[in-house]
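**Q**
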Amino acid sequence: MPPKLPPEFFVRRPRTVEKRLAYLCLGSNLGDRAGTMAKAVGLIARSGLKIVARSSLYETPPWGPVPQGPYLNMVVAVETELSARELLHMLLGVEHAFGRDRTREVRFGPRTIDIDILLYGDEVVAEPDLEIPHPRMMERAFALIPLSELAPDLMIEGVAVTAALAGLDRSGIVKVDSRPVSD
Numbered sequence: 001m002p003p004k005l006p007p008e009f010f011v012r013r014p015r016t017v018e019k020r021l022a023y024l025c026l027g028s029n030l031g032d033r034a035g036t037m038a039k040a041v042g043l044i045a046r047s048g049l050k051i052v053a054r055s056s057l058y059e060t061p062p063w064g065p066v067p068q069g070p071y072l073n074m075v076v077a078v079e080t081e082l083s084a085r086e087l088l089h090m091l092l093g094v095e096h097a098f099g100r101d102r103t104r105e106v107r108f109g110p111r112t113i114d115i116d117i118l119l120y121g122d123e124v125v126a127e128p129d130l131e132i133p134h135p136r137m138m139e140r141a142f143a144l145i146p147l148s149e150l151a152p153d154l155m156i157e158g159v160a161v162t163a164a165l166a167g168l169d170r171s172g173i174v175k176v177d178s179r180p181v182s183d
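Take the sequence shown: its position 22, counted from the start at 1, is 22 in the UniProt record's numbering, and no numbers get skipped.
#1: Quick one: measure Cβ to Cβ for residue 143 and residue 78, integer angstroms, because I've assumed they're closer than 8 angstroms.
#2: In three-state DSSP terms, what is residue 103?
#3: Are there three or more Cβ pairs, one per stretch, closer than 8 angstroms when the stretch 37 to 46 is compared with the stretch 129 to 143?
#4: With a cut-off of 8 angstroms on the beta carbons, I'd call residue 49 and residue 115 a contact; round off their distance for me.
#5: Spell out a yes or no on whether the stretch 54 to 67 and the stretch 146 to 153 are touching, meaning 3 or more CB-CB pairs, one atom from each, closer than 8 angstroms.
#6: Quick one: residues in its chain with C-beta nearer than 8 angstroms to the C-beta of residue 123, no 5 flanking neighbours on either side, listed in chain order?
#7: Within the same chain, show all residues whose beta-carbon is closer than 6 angstroms to that of residue 172, passing over the 5 residues directly before and after it, in chain order.
#8: Under three-state DSSP, which class holds residue 189?
The following block contains the structure:
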């Protein structure tokens with residue numbers, strides 16, 4: 001007698017999932033900034049994303065109208081099978097794990113951790129709460145300097161990262177450590 005097969009709906013079928021390379025910008029200007037970022041990178045890795053590369057840490061002046069202390073920033077390249085929306089929700093969960101509540105904070109104010117999706121493969125996303133490429137990335141040296149460390153030849157909307165960076169004020173941005181934070 002042949003073995004009894006499971007019902008059709010229990011049969012697992014392989015599915016092809018496209019992996020994407022995403023670039024994430026992390027920033028922190030409260031508490032143990034380097035420690036928080038190291039823990040955040042570790043949590044991102046444990047959440048199922050493959051960390052492909054990490055930039056050095058850079059101390060950067062605060063950006064925006066709110067008086068506050070300097071930030072530490074870095075960019076992490078990750079490989080993911082998540083959609084852009086799923087990636088956003090996962091990263092919001094990481095921020096939440098460090099006490100961030102975007103609904104209760106001052107825009108451009110101090111942050112324990114901030115994680116932005118700069119790029120998600122070659123995709124362009126234009127939704128009210130998710131824009132990729134990040135809409136202000138090309139104006140922010142604190143994002144482009146670490147991004148150019150990982151991908152100097154990267155083109156964003158027809159402009160090379162290094163060319164965009166050449167036109168920005170880099171004053172006050174200092175490489176803190178060339179060794180990436182560990183998870």
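Backbone N, C-alpha and C define an ideal beta-carbon position, used for all residues, glycine too. Predicted model only: the values in this text are computed from it and were never measured.
**A** With the given structure in hand:
#1: That pair is no contact at about 15 angstroms.
#2: helix
#3: no
#4: 11 angstroms between Cβ atoms; not a contact.
#5: yes
#6: 20, 84 and 132
#7: 61
#8: Outside the shown range of the chain (1 to 183) lies residue 189, about which nothing can therefore be said.
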